[in-house]
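Participant: Next up is a structure, given as structure tokens.
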Amino acid sequence: MRVVIVTESFPPDVNGVAHCALQTARHLVDRGHLPLVVAPAPAPGNKPDASGPCPVVHVPSLPLPGYPQVRVALPSRRLAAALLGHRPDIVHLAGPFVLGARGMAAAARLGLPAVAVYQTDLAGYARTYLGAGEAAAWRRIRSVHAAADLTLAPSTAARDDLEAHGVPRVGLWPRGVDTVRFRPDRRDEDLRRALAPNGELIVGYVGRLAPEKQVELLAGVRALPGVRVVVVGDGPSRPGLEVALPGAVFLGRRTGDDLARIFASLDVFVHTGPFETFCQTVQEAMAGGVPVVAPAAGGPLDLVDHGRTGLLVPPGDASAVRDAVASLAADPALRAAYGSAGRRSVEGRTWAAVGDRLLGHYADVLGARQPVVAA
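Going by this note's numbering, the sequence shown opens with residue 12, and the numbers climb by one from there.
What follows is the structure, given as structure tokens:
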């Protein structure tokens, strides 16, 4: 099968859309298919990895005003040329909004089936950054996704949101996790001593440092006696967070085995953002055998089994986050039980298993496009 993946982001960018698009391309190659990726060009000096699984066509891009880590594709003929040149059987649109919307239009002109993968709560971002525009964001989402043969939501909460806002033909496709890379035996006592030299309980957050992530909710956790807060990631909110979380350790962006070692070395993982359509870092923490505290909203509702693998708290409630961490800090046996149960719960969610589910969705779309032959 020939597939064009049109994605709003791709490595060397580090975010959920980029990571999922990369894993999708890898799985297609592993299963003998022929993918081609079309993505915004990375920032100057941010060199793409030439060892990727498949060819990548880069479309000219500009940094998003106020958030230069995010690149926005400019209009270009390269997208249509890529579709014509690769002759795909199906077009995969990863988080379509700007480049993906153009990809959807181009696929429709060429009569190509398209699968749209919903990944970002743009309505929630509009509420966070603009204080308005939520209805306009949903109109944009609905117009883009309604043109697809199938929209795939990463969680039941995201699927329900899409259906409630009039998006037709919605299926469920979660994300995989690398259970070989992220595992409990990567726990590193030397790293723990460096992060918490006085033997403090290590509570970590991993992700972008941006307003919608609400990392400032960790202020109460930072004030708990015997607790060290560790923040992994980067973004426009970092300077303000360094002021809001005095004494916290900021490690910057980490990836690969280094990130896996940090995850496994935590005692508790806390995710604070309420706008996650899936929340991959929760799943990676669970694979590392770490108990999780997360908001009872969006993707974490599918991932965290409250009272078995971690604790769900009301979104935006700093006191609830602090109290959940305090309860786990006081009970090492409970932390161990939650961590073990979390690891068991994700062992079947490999990228290979999830990738095969995607191929099943492709097959359904292609089958529905086949003309009916009269008896």
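In this text, a Cβ means the ideal position worked out from N, Cα and C, and glycines have one as well.
So does the segment 45-60 actually touch the segment 79-94, counting three or more Cβ pairs closer than 8 Å?
Facilitator: Verdict: yes, contact present.
Participant: Count the other C-beta atoms from every protein chain shown that fall within 10 angstroms of the C-beta of His30, then say buried if there are 16 or more, exposed otherwise.
Facilitator: By one-based count along the sequence shown, residue 30 stands at place 19. Under this definition His30 is a buried residue.
Participant: Anyone know if the C-beta pair for Thr361 and Gly187 falls short of 8 Å?
Facilitator: As a working note, residue 361 is residue 350 in the sequence shown. As a working note, residue 187 is residue 176 in the sequence shown. Result yes, Cβ atoms of Thr361 and Gly187 sit closer than 8 Å.
Participant: What would DSSP say about Tyr216, mapped onto helix, strand or coil?
Facilitator: As a first step, residue 216 must be located in the sequence shown, where it is residue number 205. Note: Tyr216 maps to strand in three-state DSSP.
Participant: Would you call the CB atoms of Val241 and Val260 closer than 8 Å?
Facilitator: Sequence index remark: in the sequence shown, residue 241 carries index 230 (1-based). Sequence index remark: in the sequence shown, residue 260 carries index 249 (1-based). Contact flag set, yes.
Participant: Verify the contact flag: Ala348, CB atom, against every heavy atom of the ligand MG, threshold strictly below 7 Å.
Facilitator: The ligand MG is not part of this structure, which contains no ligands at all.
Participant: What is the rounded straight-line gap between the Cα of Val336 and the Cα of Glu295?
Facilitator: Locating residue 336 in the sequence shown gives position 325, counting from the first residue. Locating residue 295 in the sequence shown gives position 284, counting from the first residue. Computed Cα separation, rounded: 19 Å.
Participant: Across which residues does DSSP place Ala275 in a beta bridge pair?
Facilitator: Position 264 of the sequence shown holds residue 275. Beta-bridge pairing links Ala275 to no other residue.
Participant: Let me make sure I understand the geometry here. Which of Asp41, Leu39 and Gln80 has the alpha-carbon closest to that of Gly20?
Facilitator: As a first step, residue 20 is located in the sequence shown; it is residue number 9 there, counting from the start. The amino acid at residue 20 is misidentified as Gly; the sequence shows Ser. Per the Cα distances, Gln80.
Participant: What residues are listed by DSSP as bridge partners for Gly321?
Facilitator: Locating residue 321 in the sequence shown gives position 310, counting from the first residue. Answer by DSSP bridge pairing, in chain order: Val303 and His317.
Participant: Does DSSP put Ser72 in a helix, in a strand, or in coil?
Facilitator: On the sequence shown, position 61 is the one that residue 72 refers to. Reduced to three states, the DSSP call for Ser72 is strand.
Participant: Measuring only the C-alpha atoms, how far is Pro64 from Leu33?
Facilitator: Along the sequence shown, one-based indexing puts residue 64 at 53. Along the sequence shown, one-based indexing puts residue 33 at 22. The alpha-carbon atoms of Pro64 and Leu33 are separated by roughly 8 Å.
Participant: Assuming Gly182 is part of the alpha helix (DSSP H), what are its boundary residues?
Facilitator: As a first step, residue 182 is located in the sequence shown; it is residue number 171 there, counting from the start. No alpha helix (DSSP H) contains Gly182, which is instead part of the beta strand (DSSP E) from Val181 to Leu183.
Participant: Determine the contact status of Ala340 and Leu235, defining contact as a CB-CB distance below 8 Å.
Facilitator: The residue labelled residue 340 in the question sits at position 329 within the sequence shown. The residue labelled residue 235 in the question sits at position 224 within the sequence shown. The answer is yes: Cβ separation under 8 Å.
Participant: Check this for me: beta carbons of Val127 and Val109, under 8 Å apart or not?
Facilitator: By one-based count along the sequence shown, residue 127 stands at place 116. By one-based count along the sequence shown, residue 109 stands at place 98. According to the sequence as given, residue 127 is Ala; it is not Val. Not closer than 8 Å, so no.
Participant: What number of angstroms, rounded off, separates the C-alpha of Leu94 from the C-alpha of Pro124?
Facilitator: Mapped onto the sequence shown, residue 94 falls at position 83. Mapped onto the sequence shown, residue 124 falls at position 113. Rounded to whole angstroms, Leu94 to Pro124 spans 12 Å at the Cα level.
Participant: Select from Gly231, Phe280, Trp149 and Ala230 the residue whose C-alpha is nearest the C-alpha of Ala174.
Facilitator: What you label residue 174 is simply residue 163 of the sequence shown in a count that begins at 1. One point to set straight first is that residue 174 is Glu, not Ala, in the sequence displayed. It is Trp149 whose Cα lies nearest to the Cα of Glu174.
Participant: Is there contact here, the segment 250-259 with the segment 273-280, by at least three beta-carbon pairs under 8 Å?
Facilitator: Too few Cβ pairs lie closer than 8 Å, so no.
Participant: Round the Cβ separation of Gly353 and Gly318 to the nearest angstrom and send it over; I've been treating them as touching at under 8 Å.
Facilitator: Locating residue 353 in the sequence shown gives position 342, counting from the first residue. Locating residue 318 in the sequence shown gives position 307, counting from the first residue. Not confirmed; about 12 Å, so no contact.
Participant: Considering only C-alpha positions, which residue in the set Met115, Gly96 and Ala364 is nearest to Arg37?
Facilitator: By 1-based counting over the sequence shown, the position of residue 37 is 26. Per the Cα distances, Ala364.
Participant: Between which two residues does the beta strand (DSSP E) containing Val48 stretch?
Facilitator: Residue numbering aside, residue 48 sits at position 37 when the sequence shown is read from its first letter. Segment Leu45 to Pro51, the beta strand (DSSP E) holding Val48.
Participant: Per DSSP, which one or two residues make a beta bridge with Leu163?
Facilitator: Looking up residue 163 in the sequence shown gives position 152. Note: Leu163 sits in a beta bridge opposite Val128 and Gly182.
Participant: Roughly how many whole angstroms lie between the Cα atoms of Gly237 and Met12?
Facilitator: Your numbering for residue 237 matches position 226 in the sequence shown. Your numbering for residue 12 matches position 1 in the sequence shown. Roughly 55 Å between the two C-alpha positions.
Participant: Spell out the partners DSSP gives Gly263 in its beta bridges.
Facilitator: Here residue 263 corresponds to residue number 252 of the sequence shown, with the count starting at 1. Paired residues: Val243.
Participant: DSSP three-state call for Thr361: helix, strand or coil?
Facilitator: By one-based count along the sequence shown, residue 361 stands at place 350. Three-state DSSP puts Thr361 in coil, outside helix and strand.
Participant: Which residues bound the alpha helix (DSSP H) around Leu252?
Facilitator: For the purposes of this step, residue 252 is identified with residue 241 of the sequence shown, where counting begins at 1. Element bounds for Leu252: Arg249 to Ala255.
Participant: Go ahead and pull the three-state DSSP assignment for Thr18.
Facilitator: Taking the sequence shown and counting its residues from 1, the one referred to as residue 18 is at position 7. Strand at Thr18.
Participant: Could you check the C-alpha separation between Val303 and Asp172 for me, to the nearest Å?
Facilitator: Start at 1 with the first residue of the sequence shown, and residue 303 comes out as number 292. Start at 1 with the first residue of the sequence shown, and residue 172 comes out as number 161. When rounded, the distance between both Cα atoms is 24 Å.
Participant: Would you give the residue range spanned by the beta strand (DSSP E) that Ala61 belongs to?
Facilitator: On the sequence shown, residue 61 is found 50 positions in, with the first residue counted as 1. Where Ala61 is concerned, there is no enclosing beta strand (DSSP E), given that its DSSP letter is neither H nor E.
Participant: Which whole-angstrom value is the C-beta distance of Phe289 and Pro185, which I expect to be below 8 Å?
Facilitator: Here the question's residue 289 lines up with position 278 in the sequence shown. Here the question's residue 185 lines up with position 174 in the sequence shown. Indeed they touch by this definition, with Cβ atoms about 7 Å apart.
Participant: Ends of the beta strand (DSSP E) at Val102?
Facilitator: Counted from its first residue, the sequence shown places residue 102 at position 91. Note, Val102: beta strand (DSSP E), Ile101 to Ala105.
Participant: If you count every other CB in all the chains shown that lies within 10 Å of the CB of Val191, and 16 or more means buried, which is it?
Facilitator: Reading the sequence shown from its first residue, position 180 is the one you call residue 191. With fewer than 16 other Cβ atoms within 10 Å, it is exposed.
Participant: Within the continuous alpha helix (DSSP H) that includes Ser338, where are the two ends?
Facilitator: For the purposes of this step, residue 338 is taken as the residue at position 327 of the sequence shown. Counting along the chain, the alpha helix (DSSP H) containing Ser338 begins and ends at Ala329 to Ala340.
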